[in-house]
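Residue numbers (my numbering): 97 to 353. Glycine is no exception: its CB is placed at the ideal position from the N, C-alpha and C atoms. Bear in mind that the values here come from a model prediction, so they are computed numbers and not experimental data. Notes follow once the structure below has been shown.
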Amino acid sequence: MAPGLEFARDGEVATLTFARPEKKNAISHDMWAAIPDVVGEVEADPGLKVLVLTGAGADFSAGADISEFGALRATADGAAAYDKVVEGAVTALAGMTKPTVAKIRGNCIGGGCQISVACDFRFAEPGARFGITPAKLGIVYDFRSTHQLVSLIGPAHARYFLLSGRLIDAIRARDIGLVNDTFDDLDAGVADFAATLCSRSQTSVRGMNRIVGKILDGQSESDAEVEEIRLAAIHGADYAEGVAAFLSRRPPRFTAR
């Protein structure tokens, strides 16, 4: 695990923590580079159903570690190589079939907000702050992350974020769809939602998450993979259990992983 990242398991929920509170959890190059390996580990572990991303201390993350830019982004080639590592982290998170949840307090800015947008869900404390600030650095945001942002909050709000670089509070973030909800007790709220995800059919959760991902990537019609996902679900144990539970008026006990 790269310095500045902490990984923990609690039952069926994994947590990846940005752990540089003295730097507002700024994300170093090595931290960006380690994220795809964490994603792969969670996806491959049959005992894990949800990945939560959060920050140590008072902040989620204030963004990429700009103190590294002088060395790592001093040339066009260096900037391109750095951006490729960031895009790898974002692509890995966005491509997960197991749900990802960003648990946000304090600053969620720049690369930190970029990470949160790549997650499936975002929950925040009321005092959290959000912003994406390439216009303050002379950087043009990459295509994939821009597409994710526009898909999430629409072009008008995305332009506001990207072109102004202004910060907004969690209440406005919730109003425009950037945040799913705010919780005064963030830990309890996220734990409850993660437990809900774990209780659902994982065949359904991962299959539908994969289909949503394909739609966000521009697919407009079904294909062989989508039909196979749906056919496998109909013939799976979760479908039989879900129908039996509904007819018996009892909670389902899903076993498929």
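Cβ-based burial, residue i [other Cβ within 10 Å; buried from 16]
i	result
Gln315	exposed
Met192	buried
Glu108	buried
Leu258	buried
His331	exposed
Thr292	exposed
Ala97	Position check: residue 97 holds Met in this sequence, whereas Ala was assumed. The residue is exposed, with fewer than 16 neighbouring Cβ atoms inside 10 Å.
Pro99	exposed
Where the beta strand (DSSP E) containing residue i begins and where it ends
i	result
Leu147	146-151
Arg105	101-106
Lys180	It is not in any beta strand (DSSP E) - Lys180 instead sits in the alpha helix (DSSP H) that spans 172-190.
C-beta neighbour in chain D for residue i, strict 9 Å
i	result
Ile228	In the structure shown, chain D cannot be found, because there is only a single protein chain.
Range of the contiguous alpha helix (DSSP H) that encloses residue i
i	result
Thr211	The question names Thr, but residue 211 is Ile in the sequence shown. Element bounds for Ile211: 207-214.
Ala329	320-330
Gly143	No alpha helix (DSSP H) holds Gly143; DSSP gives it neither H nor E.
Asn338	One point to set straight first is that residue 338 is Gly, not Asn, in the sequence displayed. Note, Gly338: alpha helix (DSSP H), 333-344.
Beta-ladder partner(s) of residue i, from DSSP
i	result
Thr111	Ala104, Val148
Ile200	Ala220
Ser260	In DSSP, Ser260 forms no bridge with anything.
Ala160	Ile123
Expected contact under 8 Å - CB spacing of residue i and residue j to nearest Å
i	j	result
Arg296	Ile325	Actually they do not touch by this definition, with Cβ atoms about 16 Å apart.
Leu147	Glu221	So it is not a contact: roughly 20 Å between Cβ atoms.
Ile267	Thr278	7 Å
Inside the region 219-251 only - beta strand (DSSP E) runs reaching at least 3 residues: Whole beta strand (DSSP E) segments, 3+ residues: 225-227.
Where in the region 262-303 do unbroken runs of the alpha helix (DSSP H), each at least 4 residues long, occur, reported from the N-terminal end onward? Complete alpha helix (DSSP H) runs here, min 4: 266-271, 282-295.
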